[in-house]
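Residue numbers (my numbering): 6 to 544.
Rendered as structure tokens:
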């Protein structure tokens, strides 16, 4: 019988080897043949535990180490069409608890040793890496594995357990994050037949794992900003209509295999009479939530937190005190600066947005300095000259280019200053620096991984300018998303088709619209890209 070498066996059972003195280990492995029987070492341990008085958990520890090696050698999971169990997953039932912790420590028992207690252990290789994970199975893990193995719907589990379906959805998502479950690829993908591939652009910019609805649940607002893009009167949203929209959004997100986010806004979303009921309904359906609104009280924030902490709360400032209060109303500047510490104390990420005009360009960097220790992120959008902003002055392209240089130099000194405007990617490209996701993570994301819904059901590709693509009261979100109108918006302007950074740029359709340009044929008037892909007449 061919014997396995000591080195081979030590590689398979490193923790067992570390726990046994050298003389005992030599006796145990002396008769082992890995080629004959994978479990021989476990059987040898069973004999020598009694004969040499070794720890009783060693046979099961050896079995677990063998499974780890087998898992490491398995091929990675294939692409799936529906949720499936990771094919590298092993369920190992043992009569000793604490074995995974022992393996993680390399055999160090200074903080406790295994105890005689039955335990189920999961061993799997995380998709996309060589890391083998060894963890005790939780009740949630086992429930999700049963759901997927038996094709049980989250709705049925929720009903049986008297839970919201969102709780079950999040359990499934956590299992996917852990790598226990393999999820289908997102179907929110760029149409490569009509969308430019760019030059050396990361493939991640062509496929979004999430889909966001910016939901303007009310037109009511406690401010009257001079640059507001829509003060029109619209039919108020009825609560039952809101519930139906959320149900439809969940159906859409599940069918496209993406995580859904609802960004509540308005007007001021907190002025909607059923805000908390609608916010709770979004959470119950498993959505990530965010708020784009005005400053409010600590009591209101704490009430929101009891339902679910928003991933961010966004407020706006338009410059330093005098200019901001001229645009947004007397006392607004102080109100925002008083509100930001409340968000920080509650652990909510704070975003501050500025709408860039010719009148506040010189105040952006000084304002960022004031926000350095108050906010988590500060960015800007260029003004879209629609609605009440039609007569506000905008910078010239030359002034804007100069402003970008100033802004980017300042970002090196102030970490609160973020990158958002798509055209910043031109600077990154010129400098040979890494490109970033632009406005919404995928360049112009109008009708791609984002739509806006208004109180009267209108759906728009982008909220900053009229870009109607349907109405959620008469059409499903899927029908709206798949419509020819939506496809036209997410394809963007034809001029950008040959641009090497198109997947992370595309300019700003809202700015183009506000300046009277054909958003499907012309390019962003502020674009300064010098590329062979753009005709000289369009540069």
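The beta-carbon is built from N, C-alpha and C at its ideal position, and this holds for glycine as well. Owing to the predicted nature of the structure, the values given are computational and were not obtained by experimental measurement.
Please tell me whether residue i and residue j are closer than 7 Å, where the distance is taken between their beta carbons.
| i | j | result |
| --- | --- | --- |
| residue 382 | residue 324 | no |
| residue 516 | residue 389 | yes |
| residue 360 | residue 262 | no |
| residue 283 | residue 301 | no |
| residue 461 | residue 236 | no |
| residue 112 | residue 29 | no |
| residue 54 | residue 17 | no |
| residue 139 | residue 90 | no |
| residue 299 | residue 329 | no |
| residue 452 | residue 394 | no |
| residue 345 | residue 295 | no |
| residue 322 | residue 370 | no |
| residue 268 | residue 297 | yes |
| residue 338 | residue 349 | no |
| residue 553 | residue 234 | This structure leaves residue 553 out entirely; the chain is present only between 6 and 544. |
| residue 228 | residue 303 | no |
| residue 440 | residue 509 | yes |
Rounded to the nearest angstrom, what separates residue i and residue j at their Cα positions?
| i | j | result |
| --- | --- | --- |
| residue 6 | residue 68 | Unreliable positioning characterises residue 6 in this predicted model, as indicated by a pLDDT of 33, which lies under 50. The coordinate reading is nonetheless provided below. Those two C-alpha atoms are separated by around 22 Å. |
| residue 214 | residue 264 | 6 Å |
| residue 448 | residue 61 | 59 Å |
| residue 201 | residue 98 | 52 Å |
| residue 463 | residue 476 | 4 Å |
| residue 82 | residue 92 | 6 Å |
| residue 318 | residue 407 | 30 Å |
| residue 545 | residue 416 | Limits of the chain in this structure are 6 at one end and 544 at the other, which puts residue 545 out of reach. |
| residue 286 | residue 219 | 16 Å |
| residue 149 | residue 85 | 17 Å |
| residue 210 | residue 153 | 29 Å |
| residue 106 | residue 362 | 58 Å |
| residue 444 | residue 429 | 10 Å |
| residue 34 | residue 12 | 11 Å |
| residue 100 | residue 124 | 6 Å |
| residue 241 | residue 76 | 56 Å |
| residue 308 | residue 351 | 11 Å |
| residue 166 | residue 178 | 18 Å |
| residue 529 | residue 80 | 47 Å |
| residue 164 | residue 147 | 18 Å |
| residue 207 | residue 450 | 16 Å |
| residue 188 | residue 119 | 34 Å |
| residue 59 | residue 162 | 45 Å |
| residue 442 | residue 114 | 47 Å |
| residue 27 | residue 21 | 11 Å |
| residue 524 | residue 168 | 46 Å |
| residue 199 | residue 217 | 23 Å |
| residue 540 | residue 159 | A caution first: residue 540 carries a pLDDT of 45, below 50, which makes its placement in the model unreliable, though a value can still be read off. Residue 540 and residue 159: Cα-Cα distance of roughly 52 Å. |
Out of the options, which has the shortest C-alpha to C-alpha gap to residue i?
| i | options | result |
| --- | --- | --- |
| residue 195 | 522, 494 and 76 | 494 |
| residue 487 | 456, 471 and 462 | 456 |
| residue 277 | 286, 329, 328 and 221 | 221 |
| residue 280 | 303, 253, 307 and 244 | 244 |
| residue 520 | 531, 510 and 511 | 531 |
| residue 102 | 65, 95 and 197 | 65 |
| residue 479 | 249, 327, 96 and 187 | 249 |
| residue 226 | 271, 385 and 170 | 271 |
| residue 96 | 122, 133 and 141 | 141 |
| residue 401 | 348, 391, 425 and 387 | 387 |
| residue 71 | 534, 57, 59 and 48 | 48 |
| residue 482 | 253, 533 and 466 | 253 |
| residue 372 | 158, 412, 251 and 31 | 412 |
| residue 192 | 162, 115, 118 and 87 | 87 |
| residue 527 | 534, 535, 498 and 513 | 498 |
| residue 534 | 403, 458 and 466 | 403 |
| residue 458 | 511, 104 and 224 | 224 |
| residue 511 | 117, 438, 446 and 347 | 446 |
For this session: Assess, as a yes-or-no matter, whether the stretch 247-257 is touched by the stretch 314-323 under the definition of 3 or more beta carbon pairs within less than 8 Å.
Result: Result no; under three Cβ-Cβ pairs closer than 8 Å.
Problem set entry | Three-pair Cβ contact test at 8 Å for the stretch 283-291 versus the stretch 170-182 | As far as the Cβ criterion goes, the stretch 283-291 touches the stretch 170-182, which means the pair count is three or higher.
Exercise. What are the uninterrupted segments assigned as alpha helix (DSSP H) that are 4 or more residues long and contained completely in the stretch 20-73, given in chain order?
Worked result: With a minimum length of 4 residues, the continuous alpha helix (DSSP H) runs that stay inside the stretch 20-73 are 27-34 and 45-57.
Exercise. Hey, which unbroken runs of the beta strand (DSSP E) at 3 residues or more fall wholly within the stretch 128-154?
Worked result: Within the stretch 128-154, the beta strand (DSSP E) runs of at least 3 residues that lie entirely inside it are, in chain order, 137-141.
Exercise. What alpha helix (DSSP H) runs, 4 residues minimum, are completely inside the stretch 152-223?
Worked result: Taken in chain order, the complete alpha helix (DSSP H) segments of 4 residues or longer contained in the stretch 152-223 are 159-166 and 170-183.
Exercise. Is the stretch 119-134 touching the stretch 179-187 in the sense that three or more CB pairs, one from each, lie closer than 8 Å?
Worked result: Short answer: they touch.
For this session: Count the CB pairs spanning the stretch 371-387 and the stretch 409-423 that are closer than 8 Å, and state whether there are at least three.
Result: Using a C-beta cut-off of 8 Å, the stretch 371-387 makes contact with the stretch 409-423, since at least three inter-stretch Cβ pairs fall below that distance.
Exercise. Do three or more CB pairs link the stretch 425-440 to the stretch 504-515 at distances below 8 Å?
Worked result: Yes, since at least three Cβ pairs between the stretch 425-440 and the stretch 504-515 fall closer than 8 Å, the two stretches touch.
For this session: List in chain order: all unbroken alpha helix (DSSP H) runs of 4+ residues lying wholly within the stretch 82-118.
Result: As for any alpha helix (DSSP H) of minimum length 4 sitting wholly inside the stretch 82-118, the runs are 104-109, ordered along the chain.
Exercise. Whole beta strand (DSSP E) runs in the stretch 305-371 with 3 or more residues, listed along the chain?
Worked result: Residue ranges of uninterrupted beta strand (DSSP E) with 3 or more members, entirely inside the stretch 305-371 and ordered along the chain, are 318-321 and 355-361.
Exercise. Hey, which unbroken runs of the beta strand (DSSP E) at 3 residues or more fall wholly within the stretch 473-531?
Worked result: Within the stretch 473-531, the runs of beta strand (DSSP E) that reach at least 3 residues and sit entirely inside it are, in chain order, 473-476.
For this session: Quick one: which unbroken beta strand (DSSP E) runs of 3-plus residues sit fully inside the stretch 253-281? Chain order, please.
Result: Those beta strand (DSSP E) runs which fall completely within the stretch 253-281 and span 3+ residues are 264-270.
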